[in-house]
Amino acid sequence: MITSKKIGVLMGGLSSERDISLKTGTLIAASLKKTGYDVITIDAGTDLPCQIDKNGVEVAFIALHGRYGEDGCVQGLLELMGIPYTGSGVTASAICMDKVLSKRLFEYHSIPTPEYILYKKDEKEEPVVPGYPVVVKPCREGSTIGVSIVSNKEALSPALEKALRYGDDVIIEKYIDGMEVTAGILDNAPLPLIEIAPKEGFYDFKTKTTSGAAEYIVPARLSSSVTGEIKAIALKTHKVMGCCYVSRIDFRIDPAGHPYVLEVNTVPGMTETSLLPRAAGEAGIGYNELVEMILTSAFIQKNIRL
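Residue numbers (the working numbering): 28 to 333.
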């Protein structure tokens, strides 16, 4: 029985997304306890292996975001320790966290994605961008941390400086004007699409984590043909990237209705303002059921008999 196993909810961590991870992990742990599981929360620091051993964790529910938690590091540790865990494996996690590797896979598999260039910290010359406006973002961060929308050449240098605080590689991507949509994948099937309409500016970290800062329309106001196309692309992307059971794929839709994949999230947020629970709710899946479904993925992935 799953309920007889000690579940460790790994949360917090060392990344710039620590605070949102703590919120996600706290809610997940409360949900699992309510459903009858033996749960402990673990703030995933440098002593994580000791914490896992000391607390007798038998299954890990990964609620970590960003570096070390979403990029294959903790997944690799858990593989070495022989502990089943939720979500995608080492390779898929590492690729999805790296925007350049993701872009290359998108292009290879003919998945539509905005035109981009890679800029490195040690480059002497200013990059030649693919026409303004552009989006400047760190190569290996999530939650739009370090991201800027740049509308002219004068604003490019400060945006690069901002993004380079989070690593040595920066993506400069053509900005797609239009609707922002996210497609959740659960049990390897698409959920209802969510249209995201920020009340001010763009959908940055502050907007994502502030209740009431954006309007979420579920299902998204799109034609059935465009909706079907986006869901098909989302599922293809999920499979191409090697994701396991659950993911969330972010899109921009241009005025002509053409969808572009921006990135793949292998550990979608699970707070009260997060997108995956909203999409699941529209499909008739409540929060507690959603958490339990994701937990089950640890056993499916590792082929452990329940």
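Backbone N, C-alpha and C fix where the C-beta goes; we use that ideal spot for every residue, glycine too.
Being a predicted model, the structure only gives us computed values, none of them experimental.
>> Let's see if you can read the secondary structure: which residues bound the beta strand (DSSP E) around Pro-246?
In response: Here residue 246 refers to the residue found at position 219 of the sequence shown. Neither: Pro-246 is in no beta strand (DSSP E) and is coded neither H nor E.
> Candidates Gly-211, Pro-157, Gly-52 and Ile-69: which alpha carbon is nearest Asn-292's?
Replying inline: Locating residue 292 in the sequence shown gives position 265, where the first residue counts as 1. Looking only at Gly-211, Pro-157, Gly-52 and Ile-69, the smallest Cα-Cα distance to Asn-292 is reached by Gly-211.
> Under a three-way DSSP split, which group does Thr-140 fall into?
Replying inline: Along the sequence shown, read from residue 1 onward, the residue named residue 140 stands at position 113. Secondary structure of Thr-140 (DSSP, three-state): coil.
> Cβ of Pro-185 within 9 Å of Cβ of Gly-173?
Replying inline: Along the sequence shown, one-based indexing puts residue 185 at 158. Along the sequence shown, one-based indexing puts residue 173 at 146. Taking 9 Å as the Cβ cut-off, Pro-185 and Gly-173 do not qualify as a contacting pair.
>> Please state the DSSP three-state secondary structure of Asn-82.
In response: The count along the sequence shown starts at 1 and reaches residue 82 at position 55. Residue state, collapsed to three classes: coil.
> Taking C-beta to C-beta, are Gly-269 and Ser-115 nearer than 9 Å?
Replying inline: As a position in the sequence shown, residue 269 is number 242, starting the count at 1. As a position in the sequence shown, residue 115 is number 88, starting the count at 1. Yes; because the gap between Cβ atoms is below 9 Å, this pair is in contact.
> Pick from Gly-194, Cys-271, Ala-190 and Lys-201: whose alpha carbon is nearest that of Asn-179?
Replying inline: Here residue 179 refers to the residue found at position 152 when the sequence shown is read from its first residue. Comparing Cα positions, the closest option is Lys-201.
> Distance, Cα to Cα, Glu-309 vs Ser-301?
Replying inline: By 1-based counting over the sequence shown, the position of residue 309 is 282. By 1-based counting over the sequence shown, the position of residue 301 is 274. Straight-line Cα distance between these residues: approximately 13 Å.
> In this structure, what does DSSP give as the bridge partners for Val-177?
Replying inline: Position 150 of the sequence shown, counted from the start, is the residue given in the question as residue 177. BP columns for Val-177 point to Val-161.
> For the 8 Å Cβ check, are there 3 or more pairs between the segment 53 to 61 and the segment 72 to 87?
Replying inline: With contact defined as three or more Cβ pairs closer than 8 Å, the segment 53 to 61 and the segment 72 to 87 are not in contact.
> Looking only at C-alpha atoms, which of Ile-176, Pro-139, Tyr-64 and Ser-43 sits nearest to His-285?
Replying inline: Walking along the sequence shown from the start, residue 285 turns up at place 258. Nearest C-alpha to His-285: Pro-139.
> Skipping 5 residues on each side, what residues in its chain have a beta carbon closer than 7 Å to that of Asp-231?
Replying inline: Here residue 231 refers to the residue found at position 204 of the sequence shown. Bear in mind that a pLDDT of 48 at Asp-231, under 50, signals an unreliable position, so the number given afterwards is only what the model happens to contain. Hits under 7 Å: Thr-171 and Val-174.
>> For Tyr-135, count the other beta carbons within 10 Å of its own beta carbon; 16 or more makes it buried, fewer makes it exposed. Which is it?
In response: Here residue 135 is taken as the residue at index 108 of the sequence shown, counted from 1. Per the 10 Å Cβ criterion, exposed.
>> I believe Val-288 touches Ile-198 by the beta-carbon criterion, under 8 Å. Please report the beta-carbon distance rounded to the nearest angstrom.
In response: Start at 1 with the first residue of the sequence shown, and residue 288 comes out as number 261. Start at 1 with the first residue of the sequence shown, and residue 198 comes out as number 171. Contact doesn't hold; Cβ gap of about 13 Å is too wide.
> DSSP beta-bridge partners for Ile-55?
Replying inline: Along the sequence shown, read from residue 1 onward, the residue named residue 55 stands at position 28. Beta-bridge pairing links Ile-55 to no other residue.
>> Per the DSSP calculation, Ile-130 is bridged to which residue(s)?
In response: Here residue 130 refers to the residue found at position 103 when the sequence shown is read from its first residue. It is Lys, not Ile, that sits at residue 130 in the sequence shown. Lys-130 is bridged by DSSP to nothing; it lacks a bridge partner.
> Among residues of its own chain, excluding the 5 on either side of Ile-110, which ones have a beta-carbon nearer than 6 Å to its beta-carbon?
Replying inline: Position 83 of the sequence shown, counting from 1, holds the residue named residue 110. Non-local C-beta neighbours of Ile-110 in its own chain, meaning closer than 6 Å and more than five positions away in sequence, comprise Ala-87, ordered along the chain.
> Would you report the Cα separation of Tyr-143 and Arg-279, rounded to the nearest angstrom?
Replying inline: Taking the first residue of the sequence shown as 1, we reach residue 143 at position 116. Taking the first residue of the sequence shown as 1, we reach residue 279 at position 252. The straight-line gap from Cα to Cα measures roughly 14 Å.
> Around the Cβ of Asp-277, are there at least 16 other Cβ atoms within 10 angstroms (buried) or fewer (exposed)?
Replying inline: Position 250 of the sequence shown, counting from 1, holds the residue named residue 277. Answer is buried; the Cβ neighbour count reaches 16.
> By DSSP, does Leu-289 sit in helix, in strand, or in coil?
Replying inline: Your numbering for residue 289 matches position 262 in the sequence shown. Leu-289 falls in the strand class under three-state DSSP.
> Exposed or buried, Val-137, counting other C-beta atoms within 10 Å across all chains shown (16 or more means buried)?
Replying inline: Mapped onto the sequence shown, residue 137 falls at position 110. Strictly speaking, residue 137 in this sequence is Ser, with Val absent from that position. In summary, Ser-137 is exposed, with fewer than 16 beta-carbon neighbours lying within 10 Å of its beta-carbon over all protein chains present.
> Going by C-alpha distance, which of Val-294, Lys-130, Ile-67 and Asp-281 is nearest Lys-81?
Replying inline: Counted from its first residue, the sequence shown places residue 81 at position 54. Nearest in C-alpha terms to Lys-81, of all of Val-294, Lys-130, Ile-67 and Asp-281, is Ile-67.
>> Measuring straight from C-alpha to C-alpha, what distance separates Thr-73 and Gly-158?
In response: Counting from one through the sequence shown, the residue named residue 73 turns up at place 46. Counting from one through the sequence shown, the residue named residue 158 turns up at place 131. When the Cα atoms are used, Thr-73 and Gly-158 turn out to be separated by approximately 43 Å.
> CA-CA distance, Asp-70 and Ala-182?
Replying inline: Position 43 of the sequence shown, counted from the start, is the residue given in the question as residue 70. Position 155 of the sequence shown, counted from the start, is the residue given in the question as residue 182. Cα to Cα, the separation comes out at about 38 Å.
> If you run the structure through DSSP and keep just helix, strand and coil, what is Gly-39?
Replying inline: For this step, residue 39 is matched to residue 12 along the sequence shown. Gly-39 falls in the coil class under three-state DSSP.
>> Check this for me: beta carbons of Leu-249 and Glu-290, under 9 Å apart or not?
In response: On the sequence shown, position 222 is the one that residue 249 refers to. On the sequence shown, position 263 is the one that residue 290 refers to. In this structure, Glu-290 does not lie closer than 9 Å to Leu-249 by Cβ.
>> Can you find the residues in the same chain that come closer than 7 Å, C-beta to C-beta, to Ile-176, ignoring five residues on each side of it along the sequence?
In response: Translated into positions along the sequence shown, residue 176 becomes position 149. Only residues of its own chain outside the window of five on either side were considered, and among them Pro-160, Val-162, Tyr-202 and Phe-229 have a CB closer than 7 Å to the CB of Ile-176, listed in chain order.
> Taking Cβ to Cβ, would you say Leu-322 is nearer than 9 Å to Thr-113?
Replying inline: The residue labelled residue 322 in the question sits at position 295 within the sequence shown. The residue labelled residue 113 in the question sits at position 86 within the sequence shown. Between Leu-322 and Thr-113, the gap from beta carbon to beta carbon is short of 9 Å.
> Would Ser-251 be called buried (16 or more neighbouring beta carbons within 10 Å of its own) or exposed?
Replying inline: To locate residue 251, count along the sequence shown from 1; it is residue 224. Note on Ser-251: under 16 other CB atoms within 10 angstroms of its CB, so exposed under the neighbour-count rule.
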